[in-house]
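2 protein chains.
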Amino acid sequence: MNNERTLTEASISANSKPKRTLGLAVAQLGPVQLNDTRESVVARLVAMMREAKSRGAEFLVFPELALTTFFPRYWMAEDEARRRFFELSMPSPVTEPIFRASLELHLGFYLGYAELTSDGRPFNTSIIVNRNAEIVGKYRKIHLPGHSDHMPAAPFQHLEKKYFSVGDLGFRVFDTDGVRMGMCICNDRRWPETYRVMALQSAEIVVLGYNTPSVNIHWNEPTHLRTTTHLISLQANAYQNGIWVAAAAKCGSEDGHHMIGSSAIVAPTGEIVARSLSEEDEVISVKADLSIGEYFREHVFNFAKHRRPEHYRLITERTGAGEPIA
Amino acid sequence: MNNERTLTEASISANSKPKRTLGLAVAQLGPVQLNDTRESVVARLVAMMREAKSRGAEFLVFPELALTTFFPRYWMAEDEARRRFFELSMPSPVTEPIFRASLELHLGFYLGYAELTSDGRPFNTSIIVNRNAEIVGKYRKIHLPGHSDHMPAAPFQHLEKKYFSVGDLGFRVFDTDGVRMGMCICNDRRWPETYRVMALQSAEIVVLGYNTPSVNIHWNEPTHLRTTTHLISLQANAYQNGIWVAAAAKCGSEDGHHMIGSSAIVAPTGEIVARSLSEEDEVISVKADLSIGEYFREHVFNFAKHRRPEHYRLITERTGAGEPIA
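These protein sequence lines are chains A and B, in that order. UniProt numbering puts the first residue of the first sequence at 1, with every later residue one more than the last. UniProt numbering puts the first residue of the second sequence at 1, with every later residue one more than the last.
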């Protein structure tokens, strides 16, 4: 047996990838009350764009359904929901200041909103906008949580399955100012398939927004788990795909309904490198070195070398859990 | 809008699943030196079986390649490796005491070993054995890490791709003394596909063993990541599948080559509920309530309700990372 013991300079030099940095920031949004106007929310978003820019940000992540209160907690007719909470166009006169600030600040962003298409289909949607204020990608939420029926005994509703259709655009990635970027929304972040499909398209970053109630209406889940399961989902999926993950909460108490904060930026090492402390409007930011992900994608998670899709078939062949395979 | 605020007794009662407990233990194994005999290792394993039983264990998890030193770190001819480190049968005269203790103690177990089949194929293998000392399931490692060529500049080798064939049995689950149990080995634990395929067969627990060098020979990875990435992989995959995960290290310094410890038992909440502290032989144990996983599998991870395999196709259609889909 032959076993050399010295790590040579040759093997260490494999470590010297050129840094490739991105100013990456998350704009956590405190509560948006039912009666707050979209104009007031847009002003808060634009203020955080200016702060992020002043701290070196080149890309800023806003929450899911950022323009209004988290309305799926309320039971109402679909028509009423669409009239009050959905966007018919993006940008629109009311959201145009966000795009104007993007252009002025040369700052890209991710934004979540409720989308009603011209042919009347409702989606929980997000967009990626580049530093020239151009929409380069759109995503429509695939993993809709909650229920579609009225649960009068629950302290609030979670009616995403009532108000939204399942997204029809898949999990795509978009080259955005030199960075290959994927996105998802809220509950998607708990599903490993979400990140894997984007990593298989060579994503370097996945960005997302969320609204996560502090109380689980379906069973008496210990409250602290709402935050810990959020964080380990981001951490493990960043690591297991060698990508950066940036996640923006809408949080705090919206008309008495509390949602978790803990917006976070996670490195491809699985480590949380920035995390919000408040449950209010708060910008967190890092100078993200994209080259860090390459070490993981070239070695432990070199998909071409190590993945064995012939043994993964059940992932696409089955939807629900079933019996053992023979 | 109609929004009830009281959590009724009706909805709380959905929380009262009958407990279904399993005495679950992990037998971490300290170093096995190159010149240690298999007999001496088996004696250590049997001693830990007695300790686990005395602490209420009904099932005990041993490490990967538990019977010898972690030989893939050494460059040698395949013939030499097979002669010195592989098992031609299981049980064999030398491993029979483990099975005898299983029967005597009414204690099931998971054991990893190098398997040479009767037709000469080499696998990194594990078995699940029930409380009657019967082998109920076998697994052959699918995600073989490392390399097959000689890396003379590296401080040691990681030659699993040289000494082992890729497993040919898939990721299966086995009903074992009333518990639906899956298994994997070492590097498999970092791949979300591993757990998902077993969760789609209604696994309640996944057990595994590992040998993880403290030094990454491929790039200058910060040492602490070797442990943190191990733990977040267990945690997130336990949570995201609503399963218990129990992982046993072989650890400490084998002839100067150090491996991480941190054997752990993780609940379906994603929380580490037991963790080894030493880098020696050490038993950790919990009384695992299997019903906890059901809350997650019925609600947030109700696969039938929420999964969308039509958007996961790339996971089985692609092996390596490629270009964006249109």
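Virtual Cβ for every residue (Gly too), placed ideally from N, Cα, C.
Where does residue i fall in DSSP's three states?
{"i": "B/ASN35", "result": "coil"}
{"i": "B/ASP149", "result": "coil"}
{"i": "B/TYR195", "result": "helix"}
{"i": "B/GLU208", "result": "Just to set this straight, residue 208 of chain B is Leu in the shown sequence, not Glu. Note: B/LEU208 maps to strand in three-state DSSP."}
{"i": "B/PRO309", "result": "helix"}
{"i": "A/THR227", "result": "helix"}
{"i": "B/THR176", "result": "strand"}
{"i": "B/ARG5", "result": "Legend: pLDDT at B/ARG5 = 38, less than 50; position of this residue unreliable, value from coordinates given subsequently. B/ARG5: coil per DSSP, three-state reduction."}
{"i": "A/ILE12", "result": "Low confidence applies here, because A/ILE12 scores a pLDDT of 40, under 50, leaving its location unreliable; read the following figure in that light. A/ILE12: helix per DSSP, three-state reduction."}
{"i": "B/THR319", "result": "coil"}
Return the CA-CA distance between residue i and residue j, expressed in angstroms with no decimal places.
{"i": "A/ARG180", "j": "A/GLU193", "result": "18 Å"}
{"i": "B/VAL32", "j": "B/VAL41", "result": "7 Å"}
{"i": "A/VAL266", "j": "B/ILE217", "result": "24 Å"}
{"i": "B/SER148", "j": "B/GLU160", "result": "7 Å"}
{"i": "B/SER89", "j": "B/SER118", "result": "9 Å"}
{"i": "B/ARG275", "j": "B/ALA264", "result": "4 Å"}
{"i": "A/PHE62", "j": "B/GLY108", "result": "50 Å"}
{"i": "A/ALA47", "j": "A/PHE171", "result": "30 Å"}
{"i": "A/GLU80", "j": "A/LEU144", "result": "20 Å"}
{"i": "B/VAL207", "j": "A/PRO93", "result": "56 Å"}
{"i": "B/SER285", "j": "B/TYR210", "result": "18 Å"}
{"i": "residue 328 of chain B", "j": "A/ILE232", "result": "The question about residue 328 of chain B has no answer, for chain B in this structure spans 1 to 326."}
{"i": "B/GLU271", "j": "A/VAL173", "result": "32 Å"}
{"i": "A/GLU58", "j": "A/VAL26", "result": "11 Å"}
{"i": "A/THR21", "j": "A/GLY56", "result": "11 Å"}
{"i": "B/TYR195", "j": "A/ILE315", "result": "10 Å"}
{"i": "B/ALA247", "j": "A/PRO91", "result": "50 Å"}
{"i": "A/THR125", "j": "A/PHE71", "result": "14 Å"}
{"i": "B/PRO309", "j": "A/ARG140", "result": "16 Å"}
{"i": "B/VAL215", "j": "A/LYS17", "result": "19 Å"}
{"i": "residue 328 of chain A", "j": "A/ALA77", "result": "Because chain A spans 1 through 326 in this model, residue 328 of chain A falls outside it and cannot be assessed."}
{"i": "B/TRP219", "j": "A/ASN302", "result": "13 Å"}
{"i": "B/HIS299", "j": "B/GLU221", "result": "38 Å"}
{"i": "B/ASN130", "j": "B/HIS311", "result": "38 Å"}
{"i": "A/GLY30", "j": "A/GLU282", "result": "8 Å"}
{"i": "A/LYS287", "j": "A/ASP188", "result": "25 Å"}
{"i": "residue 362 of chain A", "j": "A/PRO155", "result": "Only positions 1 to 326 of chain A appear in this structure, which leaves residue 362 of chain A out of reach."}
{"i": "A/ARG82", "j": "B/ASN237", "result": "37 Å"}
{"i": "B/GLU87", "j": "B/VAL136", "result": "18 Å"}
{"i": "B/SER291", "j": "B/ARG44", "result": "33 Å"}
{"i": "A/ALA199", "j": "A/CYS186", "result": "18 Å"}
{"i": "A/GLU204", "j": "B/THR229", "result": "18 Å"}
{"i": "A/THR223", "j": "A/ILE260", "result": "10 Å"}
{"i": "B/THR269", "j": "A/LEU225", "result": "7 Å"}
{"i": "residue 343 of chain A", "j": "B/ASP175", "result": "Residue 343 of chain A cannot be examined here, being either before or after the span of chain A that is shown, 1 to 326."}
{"i": "B/ILE128", "j": "B/GLY146", "result": "26 Å"}
{"i": "A/MET151", "j": "A/PRO213", "result": "16 Å"}
{"i": "B/HIS106", "j": "A/ILE142", "result": "47 Å"}
{"i": "B/GLU64", "j": "B/TYR163", "result": "15 Å"}
{"i": "B/GLY182", "j": "B/ALA326", "result": "37 Å"}
{"i": "B/GLY167", "j": "B/LYS138", "result": "10 Å"}
{"i": "B/GLU115", "j": "B/ARG190", "result": "23 Å"}
{"i": "A/HIS158", "j": "B/ASP289", "result": "28 Å"}
{"i": "A/ARG38", "j": "B/CYS184", "result": "51 Å"}
Using a threshold of 6 Å, is the CB atom of residue i nearer than that to any non-hydrogen atom of the ligand HEM?
{"i": "B/ALA101", "result": "Annotation note on the ligand HEM: not contained in the displayed structure, which lists no ligands."}
Checklist entry - Enumerated in chain order, which unbroken segments of the alpha helix (DSSP H) with a length of 4 residues or greater are wholly contained in the segment 23-73 of chain A? => result 38-54
Item to check | Entirely enclosed beta strand (DSSP E) segments - the segment 232-297 of chain B, minimum 3 residues | outcome: 244-250, 252-254, 257-259, 264-266, 272-275 and 282-289
Item to check | Segments assigned beta strand (DSSP E), at least 3 residues, entirely inside the segment 76-161 of chain B | outcome: 108-116, 122-129 and 135-140
Checklist entry - Listed in chain order, which residues of the segment 208-219 of chain A have Cβ atoms closer than 7 Å to some Cβ of chain B? => result HIS218 and TRP219
Checklist entry - Would you say the segment 49-56 of chain A touches the segment 313-326 of chain A, given that touching needs at least three Cβ pairs under 8 Å? => result no
Checklist entry - Is there contact between the segment 239-246 of chain B and the segment 251-262 of chain A, where contact requires at least three CB pairs shorter than 8 Å? => result no
Checklist entry - Using Cβ-Cβ distances below 8 Å, what residues of the segment 233-244 of chain B are close to chain A? => result SER233, GLN235, ALA236, ASN237, TYR239 and GLN240
Checklist entry - What residues in the segment 162-183 of chain B have a beta carbon less than 7 Å from any beta carbon of chain A? => result VAL166, GLY170, PHE171, ARG172 and VAL173
Next on the checklist: Can you pull out the residues from the segment 302-318 of chain B whose beta carbon lies closer than 7 Å to at least one beta carbon of chain A?
Outcome noted: PHE303, ALA304, HIS306, ARG307, ARG308, PRO309, HIS311, TYR312, ARG313, LEU314, ILE315, THR316 and ARG318
Next on the checklist: Taking beta-carbon pairs under 8 Å, can you tell me which members of the segment 61-75 of chain A lie near chain B?
Outcome noted: ARG73, TYR74 and TRP75
Item to check | Near-chain B residues of the segment 123-145 of chain A - C-beta to any C-beta below 8 Å | outcome: ILE142, HIS143, LEU144 and PRO145
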